[in-house]
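Engineer: Sequences listed follow chains S and D, in order. Residues in the first sequence are numbered from 176 upward in steps of one, following the numbering used here. Residues in the second sequence are numbered from 176 upward in steps of one, following the numbering used here. My structure is below; once you've seen it, I'll send some questions.
Protein chains: 2
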Amino acid sequence: MKLDKKGLLVVISGPSGVGKGTIRRALFAMTGHDLVYSVSMTTRKPRCDEENGREYWFVTREEFERNIRDGEMLEYAEFINNYYGTPLQKVNEQLEMGKEVVLEIEVQGAQIVREKRPDAILIFIAPPSMQALYERLQTRGTETWDMINERIKKAEREINLAYMYDYIVVNDTVENAADKIMAIIRAEHARVERTISAYKEMLEVK
Amino acid sequence: MKLDKKGLLVVISGPSGVGKGTIRRALFAMTGHDLVYSVSMTTRKPRCDEENGREYWFVTREEFERNIRDGEMLEYAEFINNYYGTPLQKVNEQLEMGKEVVLEIEVQGAQIVREKRPDAILIFIAPPSMQALYERLQTRGTETWDMINERIKKAEREINLAYMYDYIVVNDTVENAADKIMAIIRAEHARVERTISAYKEMLEVK
Numbered sequence: 176m177k178l179d180k181k182g183l184l185v186v187i188s189g190p191s192g193v194g195k196g197t198i199r200r201a202l203f204a205m206t207g208h209d210l211v212y213s214v215s216m217t218t219r220k221p222r223c224d225e226e227n228g229r230e231y232w233f234v235t236r237e238e239f240e241r242n243i244r245d246g247e248m249l250e251y252a253e254f255i256n257n258y259y260g261t262p263l264q265k266v267n268e269q270l271e272m273g274k275e276v277v278l279e280i281e282v283q284g285a286q287i288v289r290e291k292r293p294d295a296i297l298i299f300i301a302p303p304s305m306q307a308l309y310e311r312l313q314t315r316g317t318e319t320w321d322m323i324n325e326r327i328k329k330a331e332r333e334i335n336l337a338y339m340y341d342y343i344v345v346n347d348t349v350e351n352a353a354d355k356i357m358a359i360i361r362a363e364h365a366r367v368e369r370t371i372s373a374y375k376e377m378l379e380v381k
Numbered sequence: 176m177k178l179d180k181k182g183l184l185v186v187i188s189g190p191s192g193v194g195k196g197t198i199r200r201a202l203f204a205m206t207g208h209d210l211v212y213s214v215s216m217t218t219r220k221p222r223c224d225e226e227n228g229r230e231y232w233f234v235t236r237e238e239f240e241r242n243i244r245d246g247e248m249l250e251y252a253e254f255i256n257n258y259y260g261t262p263l264q265k266v267n268e269q270l271e272m273g274k275e276v277v278l279e280i281e282v283q284g285a286q287i288v289r290e291k292r293p294d295a296i297l298i299f300i301a302p303p304s305m306q307a308l309y310e311r312l313q314t315r316g317t318e319t320w321d322m323i324n325e326r327i328k329k330a331e332r333e334i335n336l337a338y339m340y341d342y343i344v345v346n347d348t349v350e351n352a353a354d355k356i357m358a359i360i361r362a363e364h365a366r367v368e369r370t371i372s373a374y375k376e377m378l379e380v381k
């Protein structure tokens, strides 16, 4: 029995190359959940296999900046001259409907969510070792040595921000990490802050 | 991968008749855990099928009171002229060994654990309705109407203490409740307070 009817805002974040996307997909492949993925908004052009509203909401720079001005972005960041961010309205609608809204975002964005939404569950996906992260970035094969070294330095800075999160989940195997995230979501729904008022109401205890 | 090597002190508590014992047994019947049950100490006489160290540690009143004076009881209470309580040393030894130590205790005892051990995980087992609690107490068949009404009044007072706990788990079915407790234990091991220092050490990040 779930006492709180609202969904949870679940943020999956961590250094680049740590495997956030793989874990998120494994999580969504699990049954018996009510997770929805929050589709990000971006100003970059869609690739040929991408669809508006599936990978991203593709908008113009003007539209994105209007959203920022109107306070309609939960978080956003600029990478290589393009904006990426989370539209707030869709998130809130789905939470009200009792869905767990999962964001998969960079550490920078997670910091903003932490400030704006103290109720969000922030999960830091961590590499099992720096060596493992190094190897993952290498096997991607898309980046130069300099770029990889730059990413490793950035990862070290980001690991020092892990204290801001609620949970640290080590990506030792994708299954373990996804299982652990599911346990976190179940446990958080039982936390007393989220359940006490609904529970007293249910029992009609003064 | 579990980052914190120490076990958790898990307190299962709630009103009399709510099904704490049944849930605890279901929990221990689950595989893949490292749970140990903390055997309570009591001054009451063993029944013929009870064994010292299995159901309880059976001691004399003098021994129990010496333990209290020496600060060796994590919590204790007196019921119908007998002491019942949790010996501290065994709990600590098992936590250090990485075992999750489960206490199944009354609300009064849980209040004491809350004060003494802020690191304990307090789980309030709640009835799905007051009616359900009433029916459970009736079908036990061991108590008079007056005793049942007294227990219901006590349960209402105890439900008002649920805010002191970390989690509320509704005993809708024993399996659900035990599953949820297992999820809570897994999630708590990933909480940032318990993992951050071990994690930084592992990665050798300053």
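Here a beta-carbon is modelled for each residue, glycine too, at the ideal position from N, C-alpha and C. The structure displayed is predicted, hence computed values, not measured ones.
1. Keeping to the same chain, check which residues put their C-beta closer than 6 Å to that of A352/D; ignore five residues upstream and five downstream.
2. Comparing the C-beta of M305/S with each C-beta of chain D, is any distance below 8 Å?
3. Per DSSP, E253/S forms a beta bridge with which residues?
4. Using CA coordinates, which residue listed in K181/S, D321/S, V277/S and I296/S is at the minimum distance from R200/S?
5. Do K274/S and D209/S have their beta-carbon atoms positioned less than 8 Å apart in this structure?
6. When burial is assigned at 16 or more other CB atoms within 10 Å of the CB, is A204/D buried or exposed?
7. Going by DSSP, what residues sit across from M216/D in a beta bridge?
8. Flag this pair as yes or no: are the beta carbons of M248/D and N256/D separated by less than 8 Å?
9. Quick one: which unbroken alpha helix (DSSP H) runs of 4-plus residues sit fully inside the region 296–380 of chain S? Chain order, please.
10. Short check: CB of I360/S to CB of V214/S, under 8 Å?
11. So which residues on chain D does D209/S lean against when the C-beta distance must stay under 8 Å?
12. Please report the distance separating the alpha-carbon of T206/D from that of E240/S.
13. In angstroms with no decimal places, state the Cα-to-Cα distance between E281/D and T217/D.
14. If I'm right that Q313/D touches I323/D with Cβ under 8 Å, what's the distance once you round it to whole angstroms?
15. Would a check of beta-carbon distances place T370/S closer than 8 Å to chain D?
16. Taking the straight line between their C-alpha atoms, what separation do you get for R332/D and G246/D?
17. Can you name the residues of chain D whose CB is closer than 8 Å to the CB of R341/S?
18. What residues in the region 307–332 of chain D have a beta carbon less than 7 Å from any beta carbon of chain S?
19. So, is the C-beta of R241/D closer than 8 Å to a C-beta in chain S?
20. Look at I334/D and P190/D and say whether their C-beta atoms are less than 8 Å apart.
21. Whole angstroms are fine: how far does the CA of A252/S sit from the CA of R236/S?
Structural biologist: Well, looking at it:
1. Position 177 of the second sequence, counting from 1, holds the residue named residue 352/D. The answer, listed in chain order, is I198, V344 and N346.
2. As a position in the first sequence, residue 305/S is number 130, starting the count at 1. Yes, because at least one Cβ of chain D sits closer than 8 Å to the Cβ of M305/S.
3. On the first sequence, residue 253/S is found 78 positions in, with the first residue counted as 1. DSSP lists Y258/S as partners of E253/S.
4. Taking the first residue of the first sequence as 1, we reach residue 200/S at position 25. Of the listed residues, the one whose Cα sits closest to R200/S is V277/S.
5. Numbered from 1 along the first sequence, position 34 holds the residue referred to as residue 209/S. Numbered from 1 along the first sequence, position 99 holds the residue referred to as residue 274/S. Against a cut-off of 8 Å, the Cβ pair of K274/S and D209/S comes out as a contact.
6. In the second sequence, the residue the question calls residue 204/D occupies position 29. Exposed is the call here.
7. Walking along the second sequence from the start, residue 216/D turns up at place 41. Beta-bridge pairing links M216/D to W232/D and G260/D.
8. Within the second sequence, the letter at position 73 stands for residue 248/D. Within the second sequence, the letter at position 81 stands for residue 256/D. Against a cut-off of 8 Å, the Cβ pair of N256/D and M248/D comes out as no contact.
9. 305–315, 320–334, 349–365 and 367–378
10. Your numbering for residue 360/S matches position 185 in the first sequence. Your numbering for residue 214/S matches position 39 in the first sequence. Against a cut-off of 8 Å, the Cβ pair of V214/S and I360/S comes out as no contact.
11. Start at 1 with the first residue of the first sequence, and residue 209/S comes out as number 34. By Cβ distance, chain D contributes nothing, its closest Cβ being about 15 Å from D209/S, past 8 Å.
12. Residue numbering aside, residue 206/D sits at position 31 when the second sequence is read from its first letter. Residue numbering aside, residue 240/S sits at position 65 when the first sequence is read from its first letter. Going from the Cα of T206/D to the Cα of E240/S covers about 53 Å.
13. Position 106 of the second sequence, counted from the first residue, corresponds to residue 281/D. Position 42 of the second sequence, counted from the first residue, corresponds to residue 217/D. Rounded to the nearest angstrom, the two C-alpha atoms are 14 Å apart.
14. In the second sequence, residue 313/D corresponds to position 138, counting from 1. In the second sequence, residue 323/D corresponds to position 148, counting from 1. 6 Å between Cβ atoms; contact.
15. For the purposes of this step, residue 370/S is taken as the residue at position 195 of the first sequence. At least one chain D Cβ lies under 8 Å of T370/S.
16. By 1-based counting over the second sequence, the position of residue 332/D is 157. By 1-based counting over the second sequence, the position of residue 246/D is 71. If you take the alpha carbons of R332/D and G246/D, they lie about 29 Å apart.
17. In the first sequence, counting from the first residue as 1, residue 341/S sits at position 166. It is worth fixing the name first, because residue 341/S is Asp in this sequence and not Arg. The contacting residues are R366 and V367.
18. E331
19. The sequence position of residue 241/D within the second sequence is 66, counting from 1. It does not; no Cβ of chain S falls within 8 Å.
20. For the purposes of this step, residue 334/D is taken as residue 159 along the second sequence, with counting starting at 1. For the purposes of this step, residue 190/D is taken as residue 15 along the second sequence, with counting starting at 1. A contact, by the Cβ cut-off of 8 Å.
21. On the first sequence, residue 236/S is found 61 positions in, with the first residue counted as 1. On the first sequence, residue 252/S is found 77 positions in, with the first residue counted as 1. Going from the Cα of R236/S to the Cα of A252/S covers about 13 Å.
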